[in-house]
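Report on the structure given below.
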Amino acid sequence: MRKFFRSREELGGLLIQPILWVALFGIGMGAIVSSVSGSDYMSFLLPGILALTALGGAAGGGMALLDERLRGILKEYLVAPIPRLSILMGSVASTTTKGLFQVVIILVLGLLLGARLSPNPLGWLALVVLITLFTVGFAGLALAVAARSRSIMGYHGMLFLFNLPLLFASNALYPLQELPGWMRVIALLNPATYLIDATRALAFGGTATLPLALSFAVTALLAAGGMWLALVSFQRTIR
């Protein structure tokens, strides 16, 4: 974390895109669309931008592991008298912590720009749990890709699939019930849709269009699946 806070380029680079979404797109669309599903557009948009921020943080964590692997630093870790699993778990914990730190910054910015947080503390707790599970899941996916990639360009090409496409193919920018049938099917296959819907209902006073239990289950399954993929890929790498 000391290294992360000293690297202003890393911190700023990962935050630029979400800040632009909130500050420019959110305010611009808010001037056109007064309310969506019973809430103002900034409150409607912010859960999706929080998911995008978590995705960016996960991608950055995978990049750190890939850089260490390509430079041979990972081999030095492997000869250290520490459990090998701790190398992977340290990367997951670091990536998740960085992602949550950036999510907090975007959340505060969104609230300053007009988003309205629910007064229910249990909703805030649900927001933390859901975002943490989501970040862990995509951190695992990013680390799994980083453990197998042979170049930085290849890694970025793979991770592009986890960024804007997931944002647009979800309910982040528009209500799920207003989407065409074919696009709604794609959105329902996207785990970000369940995170955004539950977060919007529990923490921002919106209306849930999907069962909350299902949203929690899908997000937890994403976290477990991402960690399993990271473990399998990491074990193959160190053989």
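The numbering used here puts the first residue of the sequence shown at 46, with every later residue one more than the last.
Cβ atoms here follow ideal geometry from the backbone N, Cα and C, with glycine treated the same way.
query: With distances taken Cα to Cα, identify the nearest neighbour of R114 among L133, W66, L234.; result: L133
query: Taking C-alpha atoms, which residue in F249, E223, T142 lies nearest to A184?; result: T142
query: List the residues that DSSP assigns as beta-bridge partners of S84.; result: V81
query: Give every residue of the same chain whose Cβ lies closer than 8 Å to the Cβ of S215, excluding the five residues on either side of it in the sequence, and list them in chain order.; result: G93, A96, A232, N235, A237, T238, I241
query: Do you know how far the Cα of G117 is from the Cα of R245?; result: 43 Å
query: According to DSSP, is P128 helix, strand or coil?; result: coil
query: According to the neighbour-count rule (16 or more other Cβ atoms, all chains shown, within 10 Å of its Cβ), is T252 buried or exposed?; result: exposed
query: On a Cα-Cα basis, can you pick out the residue from G159, L178, S194, S136 that is closest to M46?; result: S136
query: Leaving out five residues on either side along the sequence, give the residues of the same chain with a beta carbon under 7 Å from the beta carbon of M87.; result: G71, G75, G155, L158, G159, A160
query: Residues in the same chain with beta-carbon distance under 8 Å from L204, minus the five sequence neighbours each way, listed in chain order, please.; result: A104, G107, A187, V190
query: How is G117 classed by DSSP in three states: helix, strand or coil?; result: coil
query: Answer yes or no: do A171 and A248 have a C-beta to C-beta separation smaller than 8 Å?; result: yes
query: Secondary structure at I206, three-state DSSP: helix, strand or coil?; result: Contrary to the premise, residue 206 reads as Leu rather than Ile in this sequence. Note: L206 maps to helix in three-state DSSP.
query: In terms of alpha-carbon separation, which member of A275, I77, V173, L178 lies closest to S194?; result: A275
query: Using a Cβ-Cβ cut-off of 7 Å (strictly less than) and excluding sequence neighbours within five positions of L111, which residues of its own chain qualify?; result: A191, S194, I197, Y200
query: Do S163 and G250 have their CB atoms nearer than 8 Å?; result: yes
query: Following the continuous alpha helix (DSSP H) through W227, name the residue where it begins and the one where it ends.; result: 226-233
query: Can you give me the start and stop residues for the alpha helix (DSSP H) that L257 sits inside?; result: 257-282
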